[in-house]
Amino acid sequence: MKLEILKSWATTGPSLEELLPLSIYDFKNEADLLKSIDKLHFHLTESRESIEDLYQDPKLVAAYFLFYFATHIGKLDLYWSRLKIETQIYLSSLDWVDFGSGPGTFAWALLSKSGDQKSKYYLVERSSLMRIQAEKVRDFLGFQSQVEIVDNLSKLKLSRPTGIFFGHSYNEGIEGEARFLSHYPWSAVVLLEPGNKESFKQLLTLRSILHAKSYEVDYPCSSKAACPMDLEGNEDWCHQFARLSFPADIERLSQILKINRRDAANIFHVYLPDTLKSSTSSLPRPIIVGGVWPEKGKYEWLNCEVTSEGENKLIPRRILRRNLTTQEEKKIRNLFPGDSFEIADEKKGP
Ligand SMILES: C[S@@+](CC[C@H](N)C(=O)[O-])C[C@H]1O[C@@H](n2cnc3c(N)ncnc32)[C@H](O)[C@@H]1O
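Per our numbering, the very first residue in the sequence shown carries number 63; after that it's consecutive.
Written out as structure tokens, the structure is:
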């Protein structure tokens, strides 16, 4: 088993050179590959109606693998590091279903985290070409006994504590009414979705469903009370940012195509069964929503704080630069939505 290779893929990202021998389609040359990525990008971002057809074209599935798999897999590592340590340990102990897995992007990212021989990973993927692509990756990495690939959730015989992961797939409407909840008593529900307003709305609906079904949000919210961003007419939404970097040959593709894959906006949510949450959760903490904006002489941001009445409320916060040590300033610059940050009263600005 090539666990070390997988670990490097899940942190620094795989290079194009490493992925090309595993692609289900042999592109004639770089121009041929660039054309397919460009077409795929257009359909994924601008004209999502024909999205199902994309995954029936070997060239586009291969282009997805060589460009999107390569630039998605490292995201989990970044968001994972913002989770509480006890959440990380708990999630690493589970078996996982990667629903709408594509080439297995997040199953591989999760496997790289646990590396535990006992955990099993199930890829549920409707497109037969994506499944073939996923099999090629699995056979190369050598995890045949730990990784099963199926076309439908109902094919799985689960018996151990298992989490379900959606990566850029819930937004395709694949489980619009949260039907997946009736399949199994999931030990965790995790979503890493595009960071746009449409996804946010979909996830808020799911958040309410999960709260009604004995799950509780573990990240990013600090309380299951209603989301204060969910207001009629509110133009803003809560999402995270990731700054990624890739091997030179992947960077080259994105530069030629002028597709920025370095600055990723995502919505990353983790839900745990509420029985588990009540024994592990710490006190509600203020979390940052929206970025931290450096202004002349100060930083400003929006906190989501739990009031004494138990409501989540948006509260603008600011801190004067002259009140910060160099270390505090460095920390503040690296904060992103979902992070907790409290400031001493004497440091608050006017
Ligand atoms: C944008 S891709 C995401 C792939 C991968 N999770 C990632 O983030 O790189 C969405 C995938 O969901 C799959 N999909 C859509 N509807 C599905 C369904 N009902 N059951 C299983 N897979 C589905 C598509 O075939 C496609 O491969």
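Glycine included, every Cβ here is placed at the ideal spot set by N, Cα and C.
All figures in this text were calculated on a predicted structure; none of them were measured in a lab.
Near A416, what residues of its chain come up, given a Cβ to Cβ distance below 6 Å and the 5 sequence neighbours on each side ignored? The structure shown does not extend to residue 416, since the chain spans only 63 to 412, so no value can be given for it.
What are the uninterrupted segments assigned as beta strand (DSSP E) that are 3 or more residues long and contained completely in the stretch 141-223, given in chain order? 157-161, 183-186, 209-212
A304: which of R395, F161, Y141 sits nearest, CA to CA? Y141
Which runs of the alpha helix (DSSP H) at least 4 residues long sit entirely within the stretch 220-277? Give them in chain order. 259-274
For a cutoff of 8 Å on Cβ pairs, would you count L140 as touching chain D? Absent from the structure: chain D. Only one protein chain is present.
Reducing DSSP to helix, strand and coil, say where R324 ends up. coil
At a threshold of 7 Å, does H230 count as lining ligand 1 (C-beta to nearest heavy atom)? yes
Range covered by the beta strand (DSSP E) that runs through P378: 374-382
Since C283 and L266 should fall inside the 8 Å C-beta cutoff, what is the C-beta to C-beta distance between them, to a whole number of angstroms? About 11 Å separates the two Cβ atoms, so there is no contact after all.
How big is the Cα-Cα spacing for Q118 and K360? 52 Å
Quick check: does the Cβ of G136 come within less than 7 Å of any heavy atom belonging to ligand 1? no
Could you check whether the Cβ of S70 sits closer than 7 Å to any heavy atom belonging to ligand 1? no
Closest to I67 by C-alpha separation, out of F202, H103, G162, S154, would be which residue? F202
Which stretch, first to last residue, makes up the beta strand (DSSP E) that contains L433? There is no way to answer for residue 433, as the model of the chain reaches only from 63 to 412.
Straight-line CA distance for N296 to G352? 13 Å
Exposed or buried, F104, counting other C-beta atoms within 10 Å across all chains shown (16 or more means buried)? exposed
If you draw a straight line from the alpha carbon of D298 to that of G136, how long is it in whole angstroms? 26 Å
Less than 6 Å between C-beta atoms, sequence neighbours within five positions excluded: which residues of the same chain meet that for G229? T167, F168, L254
Assign T224 to one of two classes, buried (16 or more other C-beta atoms within 10 Å of its C-beta) or exposed (fewer than that). buried
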